[in-house]
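**Q** Residue numbers (numbering that gives the first Met the number 0): 0 to 259. Have a look at this one before I ask anything.
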Amino acid sequence: MEMIMVKDEQNDDNQGMQQNDQSSNVATTVKRSSRFRGVSRHRWTGKYEAHLWDKLSWNVTQKKKGKQVYLGAYDDEEVAARAYDLAALKYWGTPTSTNFPISYYEKEIEIMQTVTKEEFLASLRRKSNGFSRGVSKYRGVAKHYYHNGRSEARIGRVFGNKYLNLGSYNTQEEAARVYDIAAIKCRGINTVTNFDLSTYAGWLRPELTNNTETESVQSTSCNSRLEQSKPSIHYPFAVDHFNSLKQEHVETKLPVINVK
Numbered sequence: 000m001e002m003i004m005v006k007d008e009q010n011d012d013n014q015g016m017q018q019n020d021q022s023s024n025v026a027t028t029v030k031r032s033s034r035f036r037g038v039s040r041h042r043w044t045g046k047y048e049a050h051l052w053d054k055l056s057w058n059v060t061q062k063k064k065g066k067q068v069y070l071g072a073y074d075d076e077e078v079a080a081r082a083y084d085l086a087a088l089k090y091w092g093t094p095t096s097t098n099f100p101i102s103y104y105e106k107e108i109e110i111m112q113t114v115t116k117e118e119f120l121a122s123l124r125r126k127s128n129g130f131s132r133g134v135s136k137y138r139g140v141a142k143h144y145y146h147n148g149r150s151e152a153r154i155g156r157v158f159g160n161k162y163l164n165l166g167s168y169n170t171q172e173e174a175a176r177v178y179d180i181a182a183i184k185c186r187g188i189n190t191v192t193n194f195d196l197s198t199y200a201g202w203l204r205p206e207l208t209n210n211t212e213t214e215s216v217q218s219t220s221c222n223s224r225l226e227q228s229k230p231s232i233h234y235p236f237a238v239d240h241f242n243s244l245k246q247e248h249v250e251t252k253l254p255v256i257n258v259k
């Protein structure tokens with residue numbers, strides 16, 4: 000009597016799905032890593048982020064030396080690697096280890112000698128895909144015709160998809176510092192700022208130096224923080240601008256000029 004073997008297709012399908020799931024999980028884990036120094040892939044956005052470990056700078060959150068420096072998020076892995084190289088060269092000079100030969104950066108090395116470390120890092124972040132685009136070299140700053148050349152500071156994603164106007168200032172640096180303070184108050188000390196966080200160490204409230212501070216908070220909490228955050232006399236910020244932070248501003252397209 001001939002025996003007929005019936006293949007359990009459903010069981011095979013289930014095994015195949017399990018194998019695919021396992022392969023997918025492994026692939027996801029691998030994709031988060033990078034073959035380049037100082038580069039990792041963000042879990043959700045898929046962008047390549049460049050970071051640098053500065054072991055000499057003071058970490059105001061942990062009250063010790065050593066902190067991670069964010070260099071931006073990029074669509075291309077090699078571009079992120081080059082961002083790390085440039086930051087490393089600015090920090091430690093040509094003896095440092097880089098992803099690509101130092102000869103690739105001869106022009107950039109000349110340029111970085113003419114600017115401060117903070118300015119160079121701001122320039123790197125500005126070129127990244129993960130950085131908010133505008134017309135200023137600083138995050139959260141724009142220069143408009145209707146302000147007679149004054150620099151406007153504003154922060155987004157505070158009230159849903161709306162923007163909160165932080166006022167206009169004589170210089171981009173003033174506007175950038177106002178943005179930094181607003182970002183710290185709304186998103187915590189791990190947010191990306193234009194200037195080093197240590198710049199504001201003497202001004203921040205004690206609770207903002209807690210490691211448990213989250214990067215993002217509800218809009219009502221953010222609004223409350225901004226309202227209570229009167230800038231000290233050590234910073235050239237107009238208090239009146241902080242008094243008006245409750246007013247919500249919908250993003251509008253305005254004529255702008257490029258600041259070179």
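C-beta: ideal position from N, C-alpha, C; glycine also.
Give the straight-line distance between the Cα atoms of L163 and P100, rounded to the nearest whole angstrom.
**A** Counting from 1 along the sequence shown, the entry for residue 163 is found at position 164. Counting from 1 along the sequence shown, the entry for residue 100 is found at position 101. Going from the Cα of L163 to the Cα of P100 covers about 44 Å.
**Q** With distance defined between alpha-carbon atoms, name the residue in A174, V140, E77, K54 nearest to Y261.
**A** There is simply no residue 261 to check, as the chain begins at 0 and stops at 259 in what is shown.
**Q** At the level of alpha carbons, what is the spacing between Y90 and A80?
**A** As a working note, residue 90 is residue 91 in the sequence shown. As a working note, residue 80 is residue 81 in the sequence shown. So the two alpha carbons sit approximately 15 Å from each other.
**Q** For K184, does the count of other Cβ atoms within 10 angstroms reach 16, so buried, or fall short, so exposed?
**A** To locate residue 184, count along the sequence shown from 1; it is residue 185. Under this definition K184 is a buried residue.
**Q** Pull up the CB-CB distance for S96 and R36, whole angstroms please, since I reckon it's below 8 Å.
**A** Counting from one through the sequence shown, the residue named residue 96 turns up at place 97. Counting from one through the sequence shown, the residue named residue 36 turns up at place 37. Rounded, the Cβ-Cβ distance is 7 Å, consistent with contact.
**Q** Excluding the 5 residues preceding and the 5 following V191 in the sequence, name in chain order all residues of the same chain whose CB lies nearer than 6 Å to its CB.
**A** Sequence index remark: in the sequence shown, residue 191 carries index 192 (1-based). Y69, listed in sequence order.
**Q** For Y104 versus A49, is the C-beta distance shorter than 8 Å?
**A** What you label residue 104 is simply residue 105 of the sequence shown in a count that begins at 1. What you label residue 49 is simply residue 50 of the sequence shown in a count that begins at 1. Against a cut-off of 8 Å, the Cβ pair of A49 and Y104 comes out as no contact.
**Q** Would you mind stating whether V265 and Y199 have Cβ atoms separated by less than 8 Å?
**A** Because the chain spans 0 through 259 in this model, residue 265 falls outside it and cannot be assessed.
**Q** Name the residue from K126, G201, S33, F194 whose alpha carbon lies nearest to the alpha carbon of N118.
**A** Against the sequence shown, residue 118 aligns to sequence position 119. According to the sequence provided, residue 118 is Glu. The question's Asn does not apply to it. The candidate whose alpha carbon is nearest that of E118 is F194.
**Q** Should K66 go down as buried or exposed, given a rule of 16 or more other Cβ atoms within 10 Å for buried?
**A** Translated into the one-based positions of the sequence shown, residue 66 becomes position 67. Burial call: buried.
**Q** Can you tell which of I180, N189, G187, R186 has its C-alpha closest to the C-alpha of W202?
**A** Start at 1 with the first residue of the sequence shown, and residue 202 comes out as number 203. When each option's Cα is compared against that of W202, the closest is I180.
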